[in-house]
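Heads up: the sequence lines are chains U and Y, in that order.
Here numbering that gives the first Met the number 0 is used: position 205 in the first sequence is 204, and no number is missing along the way.
Here numbering that gives the first Met the number 0 is used: position 24 in the second sequence is 23, and no number is missing along the way.
Backbone N, C-alpha and C define an ideal beta-carbon position, used for all residues, glycine too.
Quick notes on the structure that follows.
Number of protein chains: 2
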Amino acid sequence: MASGLGEASDSAACPFCAGNENMTPPEVLVLRDEGDPGRLSSWTARVVSNKYPALVPEVSGPEITDENYTARHGFGAHEVIVESPNHLVDITLLGEGQFEAILRAYRERMLALRADERFRHILIYKNQGIEAGATIEHIHSQLIALPIIPKNVLEELAGAKDYYQSKGRCVFCDLARKESQQRERVVTENADFIAVCPFASRFPYETWILAKRHAPFFERNTPQDESALAALLRETLIRINRCLSHPAFNYIIHSNPIDEKGSDYYHWHMEIIPKLIRVGGFEWGSGSYINPVTPEHSAQSLRQALP
Amino acid sequence: MASGLGEASDSAACPFCAGNENMTPPEVLVLRDEGDPGRLSSWTARVVSNKYPALVPEVSGPEITDENYTARHGFGAHEVIVESPNHLVDITLLGEGQFEAILRAYRERMLALRADERFRHILIYKNQGIEAGATIEHIHSQLIALPIIPKNVLEELAGAKDYYQSKGRCVFCDLARKESQQRERVVTENADFIAVCPFASRFPYETWILAKRHAPFFERNTPQDESALAALLRETLIRINRCLSHPAFNYIIHSNPIDEKGSDYYHWHMEIIPKLIRVGGFEWGSGSYINPVTPEHSAQSLRQALP
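Put into structure tokens, the structure is as follows:
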């Protein structure tokens, strides 16, 4: 990984920079590049508990209810995946090998947390840039393990199940196949993965990445999958940067809830949302989204963003 | 209404300022202050079609479908309620009488659009400030009439119906009564309306305004209701301004979908969302919201924001 290039200036005070490891809670995972003993840092990616967690594993207890309201304690896990030892603020400055390390860190933490039977769902997401909700600029992503299956995931599961019951096929498999044939909304693809601006998407340049073969669980990716995904994710984010002048963005990994076996109808995928427009009263009131850029136009622009 | 105070400087180019009426599409409603013939402007509030509409009444035609996707034309109405003839950027600079005129404009347009049988739901909302999605600073709100009942409204209706079937009472009536008794989450109230920071609300300082008596339809407000609501809404927004240093905000009117008679279980209300935090990957992925300020604390701060 290049050092110096793209680094911001305030690494001395940054809790995610190499050398400042004592500024974070203890590590739950550290990845090291065994093939590079001469490197400056002793780690390539590290995962720590969030210092300001939304949910914590230590609390428990009964629900609190009165006649009208029910509350429960904020049980869960909230971790931070530090994506580089260097003070970079844009993930695309990393090489493919470092993207692979990040995807491996996601997988290893998901597998470790699955072992805790209290968890029912694990959500991994990245906020890059202030507009996307980041409060620390050093590149990182986050993991939240929940004792419930959240609303948006339940809705997506129900929609996928309906489709499966009506057609006998996984809707995400169909989407990947149809888009790959039709080309109009494809950003880029390789043998294993495809990046598309989905039909009727909510946001300008919203891009999803899907495996071409049926795959309910992100955490069952093989190292070969991770290598192919790392290349496609990095290329897609570079296209977004070039096309849209380095926008803030979120990405979210949607994976099957934790259970013994994966479903035939649900298929993990990654949703990338560049933060280009503000969500206003119409969207909050309706749950519908006014998207001023068609996905067909978004995909075409992203296809043209690299030679 | 005071002129000069709080006015921004660029009214010459503003399509919503008095004198620039020819910069907007034709009026669908104009309100005038008949008691003040000496006033500078000939109108107090005006409603026009949105010059850049998300939906338009002129299109129609069949759905467009293929094997996987269904689209329909963007049929609907999209109107702008200009809230003052003067170039104000903060609605709280208006007096109660002008708030009443705005609420009356909402009601009159909802009643007029109900007559078109193609519409099933009408949503009124306000985006004040760039962070809230406003693209023109001159104070205004918007109305969108839809040929469908949107997702968020369907979910709210379903939840309210469940509650009614289980308890035999309207959940919003119960909420207003319970909060008024308990006081902890009340911002302010008068004889007819109450402003509360709801239990388990999504956002810091999120505030809802509800009628104390059961009222499914916003557009059935009487002039007396509008007078009481104008006073409470203005006071609530002033409290938010003082407490939070004039944040950008959205408000959204949730009203019963258009049908012959109102339901026993649904009750119109207004949701006010100050834009204080960014929505990030966790919220987009889960549909749950991490709110760093409890509604109890929010309500206490808003109660203390005025002597």
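Secondary structure of V58/Y (DSSP, three-state): coil. Between the alpha carbons of F216/Y and D258/Y lies a distance of about 10 Å. In terms of beta-carbon proximity, W207/Y stays away from the interface with chain U, with every pair separated by 7 Å or more.
For L153/U, the enclosing alpha helix (DSSP H) has its first and last residue at K150 to K166. Looking from the CA of V185/U, the closest CA among K211/U, K160/U, Y162/U and Y163/U belongs to K211/U.
Burial check for R45/Y: the Cβ neighbour count within 10 Å reaches 16 or more, so the residue is buried. The criterion of a C-beta distance shorter than 7 Å is satisfied by K50/Y and P24/Y. Taking all protein chains in view, the Cβ of Y68/U is surrounded by fewer than 16 other Cβ atoms within 10 Å, so the residue is classified as exposed. Close to N126/Y, with beta-carbon spacing below 7 Å, are these residues of chain U in chain order: G279 and G280. In the same chain as S297/Y, and ignoring 5 residues on each side of it, the C-beta atoms closer than 7 Å to its own belong to C196, P203 and Y204, in chain order.
Three or more Cβ pairs closer than 8 Å define a contact, and the region 85 to 94 of chain U falls short of that threshold against the region 148 to 158 of chain U. Against chain U, the CB of K150/Y has a partner CB under 7 Å away; the residue lies at that interface.
Looking at the backbone, the Cα of Q127/Y and that of S165/U are separated by about 44 Å. Around the Cβ of M269/U, a 10 Å sphere holds 16 or more other Cβ atoms; the residue is buried.
Taking a beta-carbon distance threshold of 7 Å, W283/U counts as an interface residue toward chain Y.
For Q303/U, no beta strand (DSSP E) encloses it, and the DSSP letter there is neither H nor E.
About 6 Å separates the beta carbon of L231/Y from that of I208/Y, a gap short enough to meet the 8 Å contact definition. Contacts between Y250/U and chain Y, judged by CB atoms closer than 9 Å, involve G280 in chain order. Listed in chain order, the positions of the region 252 to 264 of chain Y with a beta carbon within less than 9 Å of a beta carbon of chain U are I252 and H253. Residues of the region 152 to 185 of chain Y with a C-beta less than 8 Å from any C-beta of chain U: V152, E154, D173, L174 and K177, listed in chain order. With respect to the 7 Å criterion, P149/U and R119/U are not classified as neighbours on the basis of their beta carbons. One alpha carbon belongs to E225/U, the other to N255/Y, and they sit about 49 Å apart. As for any beta strand (DSSP E) of minimum length 3 sitting wholly inside the region 98 to 137 of chain Y, the runs are 120 to 127, ordered along the chain. For V170/U, the enclosing alpha helix (DSSP H) stretches over residues V170 to Q181.
Closest option to Y288/U, judged by alpha-carbon separation, among V47/Y, L54/Y and G18/Y: L54/Y. Bridge partners of P273/U according to DSSP: F248/U. Look at T187/U here: in three-state DSSP terms it is strand.
Minimum Cα-Cα distance from V79/Y among the listed residues Q299/Y, F171/Y, S48/Y and W283/Y corresponds to S48/Y. Closer than 8 Å at the C-beta level to chain Y, one finds these residues of the region 50 to 76 of chain U: A53, E66, N67, Y68 and A70. Look at the region 205 to 237 of chain Y: it has no residue with a C-beta under 8 Å from a C-beta of chain U. Following the DSSP letters along the chain, one finds R219/Y in no alpha helix (DSSP H), marked with neither H nor E. Around L122/U, the beta-carbon contacts reaching into chain Y at under 9 Å are G280, F281, G284 and S285. Boundaries of the alpha helix (DSSP H) harbouring W283/Y: G280 to S285, taken from the DSSP string. Straight-line measurement puts the Cα of G73/Y at about 13 Å from the Cα of T293/U. Shown here for A190/Y: same chain residues with a beta carbon closer than 8 Å to its own, the five before and five after excluded, namely K211 and A227 in chain order. Under DSSP, R45/Y forms a beta bridge with V29/Y and V81/Y.
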